[in-house]
Amino acid sequence: MATTRPGSWIKEPGDYSTAEVEELLAAGMDHAWLQFHQGRDLAAEGGDRIMVKGEGHYIYDIYGKRYIDGLGGLFLMNIGHGRREVADAVAAQLQALAYANTGSYATVPAIRLAERVAEKAPGSLEKVFFCNGGSEAVDIALKMAKQIQYLRGHPKKTKIVARRGSYHGSTYAPMSLTGRAQYKGMFEPLMPQVAHVEHPYCYRCPWGLNGITPEAGGPQPCTQCCMQPVKDFERLIEFEGPETIAAFIGTPIGSGSQIPPDGYWPAIRELCDKHDILLIADEVICGFGRLGTWFGMQRFGIVPDLMTIAKALTGGYLPGGAVVARKEWADLFDASEEHRFQHGVTYGGHPAVMAAGLASLDIIEREGLVENADRVGRHLFERAQALYEHPSVGFVGGGLGLLMSIELVKDRRTREKWSASGKEYGKRLTNRLRQRGLAVRAGDGIALAPPLTIDAATADEIVAIIDDALGEQEREFPTA
Ligand code: PLP
Numbered sequence: 004m005a006t007t008r009p010g011s012w013i014k015e016p017g018d019y020s021t022a023e024v025e026e027l028l029a030a031g032m033d034h035a036w037l038q039f040h041q042g043r044d045l046a047a048e049g050g051d052r053i054m055v056k057g058e059g060h061y062i063y064d065i066y067g068k069r070y071i072d073g074l075g076g077l078f079l080m081n082i083g084h085g086r087r088e089v090a091d092a093v094a095a096q097l098q099a100l101a102y103a104n105t106g107s108y109a110t111v112p113a114i115r116l117a118e119r120v121a122e123k124a125p126g127s128l129e130k131v132f133f134c135n136g137g138s139e140a141v142d143i144a145l146k147m148a149k150q151i152q153y154l155r156g157h158p159k160k161t162k163i164v165a166r167r168g169s170y171h172g173s174t175y176a177p178m179s180l181t182g183r184a185q186y187k188g189m190f191e192p193l194m195p196q197v198a199h200v201e202h203p204y205c206y207r208c209p210w211g212l213n214g215i216t217p218e219a220g221g222p223q224p225c226t227q228c229c230m231q232p233v234k235d236f237e238r239l240i241e242f243e244g245p246e247t248i249a250a251f252i253g254t255p256i257g258s259g260s261q262i263p264p265d266g267y268w269p270a271i272r273e274l275c276d277k278h279d280i281l282l283i284a285d286e287v288i289c290g291f292g293r294l295g296t297w298f299g300m301q302r303f304g305i306v307p308d309l310m311t312i313a314k315a316l317t318g319g320y321l322p323g324g325a326v327v328a329r330k331e332w333a334d335l336f337d338a339s340e341e342h343r344f345q346h347g348v349t350y351g352g353h354p355a356v357m358a359a360g361l362a363s364l365d366i367i368e369r370e371g372l373v374e375n376a377d378r379v380g381r382h383l384f385e386r387a388q389a390l391y392e393h394p395s396v397g398f399v400g401g402g403l404g405l406l407m408s409i410e411l412v413k414d415r416r417t418r419e420k421w422s423a424s425g426k427e428y429g430k431r432l433t434n435r436l437r438q439r440g441l442a443v444r445a446g447d448g449i450a451l452a453p454p455l456t457i458d459a460a461t462a463d464e465i466v467a468i469i470d471d472a473l474g475e476q477e478r479e480f481p482t483a
């Protein structure tokens with residue numbers, strides 16, 4: 004079907020006829036290959052719907068059903084949906100200047116956004132290199148780290164240390180860093196010279212220490228806690244040789260919202276300093292207020308050497324990302340003509356994307372969304388403790404800002420995961436949550452990252468929906 008008139012495909016939710024929906028689903032299955040999906044998923048029973056509208060912290064599907072956007076799109080709609088101000092900023096910039104060779108010219112919005120990001124970033128993280136998204140930012144950070152080591156006179160420092168359980172993106176190098184087998188198996192051989200260490204994950208402590216024990220009637224902190232992951236890194240440095248390691252990369256909190264013990268990041272920072280290893284903070288999810296601070300590492304009082312950002316950099320309105328480098332490292336690249344960073348992507352710093360970033364930052368500041376994430380995040384976490392009433396709730400991860408994960412288990416004693424017996428459990432639970440008006444991803448856990456605009460009443464509603472859906476789910480999938 005031709006769609007030449009701008010916006011001719013846009014209708015109000017529920018205004019699409021049954022025939023149109025069927026035709027769209029068929030065309031979608033034939034031609035639109037969704038991320039991490041198979042074609043048939045689009046039309047599976049209660050399957051992944053076609054979304055047509057966003058407003059505040061709600062999204063609407065093509066049938067007219069409204070959902071709380073519990074995952075903030077995919078951890079990025081920090082300012083919520085339907086912000087006219089962002090659309091206007093983008094439209095104005097596109098009319099003034101849609102593009103100028105990003106390898107030869109700067110543009111005003113790119114300079115201004117770099118300046119604003121530098122203002123918010125901790126320490127001397129002052130120089131911003133723009134790109135298109137998170138995977139690309141991680142890739143660039145690796146190249147930058149290797150060149151920094153080269154320019155510092157450490158050309159043999161080439162290895163990268165990442166953490167098990169992490170996710171850093173799905174293009175080749177970030178996938179090689181990602182510490183989860185399911186993303187990598189059939190793409191071997193992966194990027195060489197990557198080593199993995201454990202991350203702090205008390206609930207599933209790799210060393211079999213007592214860990215977090217919710218089965219004892221609410222979460223009990225691990226009494227052994229626990230600098231084992233730091234020791235793991237220390238042993239790896241000894242084993243590989245500090246003269247071979249360029250950088251360590253990690254997300255401020257674990258991918259299942261595991262909060263590291265207080266001393267973890269300072270100790271990792273100290274080891275990196277001691278051995279001239281660069282510390283890369285992957286802030287793709289945590290950046291721009293998600294943890295109730297502008298950047299996640301500000302929660303832990305350390306300043307990384309390089310920081311990757313993406314997702315909420317533009318409020319989620321356009322694809323964008325960046326690497327933010329400490330000034331002292333960025334200066335190395337300016338020292339002579341041969342030192343320049345040989346990297347560039349056509350769309351890096353695209354003016355329209357930069358305009359979206361500026362408008363989004365204005366909203367976060369004006370509406371105090373970082374503070375709101377802190378305040379409502381505490382409330383959400385506190386309310387979510389009641390979910391331990393459900394025997395399938397193994398661990399409620401989070402407690403910093405609006406990023407949480409509720410880990411679901413078949414058996415609290417063994418902590419067996421539902422995914423051990425297939426995907427049916429997750430699909431059924433996702434549907435149950437959707438039926439009740441909460442759009443999130445469920446599987447071995449329920450991840451929550453709603454827009455930072457939500458209030459306490461919406462947080463309560465999220466917990467009530469999960470509570471109700473879990474009740475029904477447990478009748479179909481009883482725990483041991
Ligand atoms: N790093 C982290 C921590 C992420 O969570 C993601 C994506 O979810 C990425 C990197 C990759 O970002 P993108 O999907 O924009 O390539």
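Heads up: the sequence shown begins at 4 in the working numbering, then just goes up one per residue.
Beta carbons: idealized from backbone N, C-alpha and C, even for Gly.
What you are looking at is a predicted structure, and each value in this text was computed from that prediction instead of being measured.
From T254 to E23, what distance separates their C-alpha atoms?
-> Those two C-alpha atoms are separated by around 43 Å.
Return helix, strand or coil for S173, following the three-state DSSP convention.
-> In the structure shown, S173 falls within a coil segment according to DSSP collapsed to helix, strand and coil.
Please report the Cβ distance between I465 and L441, rounded to the nearest whole angstrom; I am assuming they are in contact, meaning their Cβ atoms lie under 8 Å.
-> Correct: roughly 6 Å between the Cβ atoms.
Would you check if the stretch 315-335 and the stretch 385-399 touch, i.e. whether three or more CB-CB distances between them fall below 8 Å?
-> Verdict: no, contact absent.
Any 3 or more C-beta pairs closer than 8 Å across the stretch 68-79 and the stretch 88-103 = Too few Cβ pairs lie closer than 8 Å, so no.
Kindly examine the ligand PLP and report whether one of its heavy atoms sits closer than 8 Å to the Cβ of H171.
-> Remark: the shortest separation between the CB of H171 and any heavy atom of the ligand PLP falls under 8 Å.
Which full runs of the alpha helix (DSSP H) of 4+ residues lie inside the stretch 71-145, going along the chain?
-> For the stretch 71-145, whole alpha helix (DSSP H) runs of length 4 or above, ordered along the chain, are 75-78, 87-99 and 111-123.
Mind checking whether the beta-carbon of G136 lies closer than 8 Å to any heavy atom of the ligand SAH?
-> What this structure holds is the ligand PLP, not the ligand SAH.
To the nearest whole angstrom, what separates the beta carbons of S363 and I82, a pair I think is in contact under 8 Å?
-> Indeed, because the Cβ distance is near 5 Å, the residues count as touching under 8 Å.
Unbroken stretches of the beta strand (DSSP E), 3 residues or longer, contained in the stretch 319-353 = List check, beta strand (DSSP E) in window: 324-329.
Decide if the stretch 422-431 is in contact with the stretch 443-455; the criterion is three or more beta carbon pairs, one per stretch, under 8 Å apart.
-> The stretch 422-431 vs the stretch 443-455: in contact.
Euclidean distance between Cα positions of Y391 and P264 | Taking C-alpha positions only, Y391 is separated from P264 by approximately 22 Å.
Could you tell me the distance, in whole angstroms, from the CA atom of L143 to the CA atom of A250?
-> For the record, residue 143 in the displayed sequence is Ile; it is not Leu. Distance between the alpha carbons of I143 and A250: 13 Å.
Enumerate in chain order the residues of its own chain whose CB-to-CB distance from A333 is below 8 Å, with the five nearest sequence positions on each side excluded.
-> Closer than 8 Å at the Cβ level, and outside the excluded window around A333, lie E129 and K130.
Between the C-alpha atoms of F493 and L436, what's the straight-line distance to the nearest angstrom?
-> Summary: the structure shown does not reach residue 493, with the chain confined to residues 4 through 483, and so no result is reported for it.
So does F78 have its beta carbon nearer than 8 Å to some heavy atom of the ligand PLP?
-> Result yes, Cβ under 8 Å from the ligand PLP.
Rank P394, R386 and C205 by C-alpha distance to the C-alpha of K413 and give the top, closest one.
-> Looking at the Cα atoms, P394 is the closest of the given residues.
Three CB pairs or more closer than 8 Å across the stretch 151-158 and the stretch 166-176 = At 8 Å Cβ cutoff, the stretches do not touch.
For G425, the residue or residues it bridges with in DSSP | Among the bridge pairs identified by DSSP, G425 is matched with none.
Pick helix, strand or coil for H40, following the three-state DSSP scheme.
-> DSSP places H40 in coil when its eight states are reduced to three.
C-alpha distance - P125 paired with P307, whole-angstrom precision | CA-to-CA, the gap between P125 and P307 works out to about 9 Å.
For the ligand PLP, any of its heavy atoms closer than 8 Å to the Cβ of E139?
-> E139: yes, Cβ under 8 Å from the ligand PLP.
If you drop the 5 nearest sequence neighbours on each side, which residues of the same chain put their C-beta closer than 6 Å to that of M357?
-> A distance below 6 Å between beta-carbons, with the five flanking residues on each side excluded, links M357 to the following residues of its chain, in chain order: P112, A113 and L116.
Measure the C-alpha to C-alpha separation of T461 and Q41 and round it to an integer number of angstroms.
-> If you draw a straight line from the Cα of T461 to the Cα of Q41, it comes to about 32 Å.
In whole angstroms, what separates the C-alpha of H342 from that of Q98?
-> Cα to Cα, H342 sits roughly 36 Å from Q98.
Just to check, is the beta-carbon of T311 closer than 8 Å to a non-hydrogen atom of the ligand PLP?
-> For T311, the shortest separation between its Cβ and any heavy atom of the ligand PLP lies below 8 Å.
Within the same chain, show all residues whose beta-carbon is closer than 6 Å to that of M407, passing over the 5 residues directly before and after it, in chain order.
-> Here M407 has S260, G401 and L451 as same chain residues with Cβ atoms under 6 Å from its own Cβ, once five neighbours each way along the sequence are excluded.
I think G295 touches L411, with their Cβ atoms under 8 Å apart; what is that distance to the nearest whole Å?
-> Between G295 and L411 the beta-carbon gap is near 25 Å, outside 8 Å, which marks them as no contact.
Exposed or buried, what is R329 when buried is set at 16 or more other beta-carbons lying within 10 Å of its beta-carbon?
-> The residue is buried, with at least 16 neighbouring Cβ atoms inside 10 Å.
Taking the alpha-carbon positions, what's the D18 to G67 distance?
-> Their backbone Cα atoms lie some 8 Å apart in a straight line.
Buried or exposed: which applies to R293, given that a residue is buried once 16 or more other Cβ atoms fall within 10 Å of its Cβ?
-> Note on R293: 16 or more other CB atoms within 10 angstroms of its CB, so buried under the neighbour-count rule.
Within 10 angstroms of the Cβ of P269, are there 16 or more other Cβ atoms? Answer buried if so, exposed if not.
-> Looking at its Cβ environment, which holds fewer than 16 other Cβ atoms inside 10 Å, P269 is exposed.
Beta-carbon gap between L180 and L145 smaller than 9 Å = Here L180 is near L145, since their CB atoms are less than 9 Å apart.
Consider the Cβ of N434: report whether some Cβ of chain C lies at a distance smaller than 9 Å.
-> This model lacks chain C altogether; it includes just one protein chain.
If you scan the stretch 263-315 from start to end, which runs of the alpha helix (DSSP H) of 4 or more residues do you find wholly inside it?
-> As far as the stretch 263-315 is concerned, its whole alpha helix (DSSP H) runs of at least 4 residues are 267-277.
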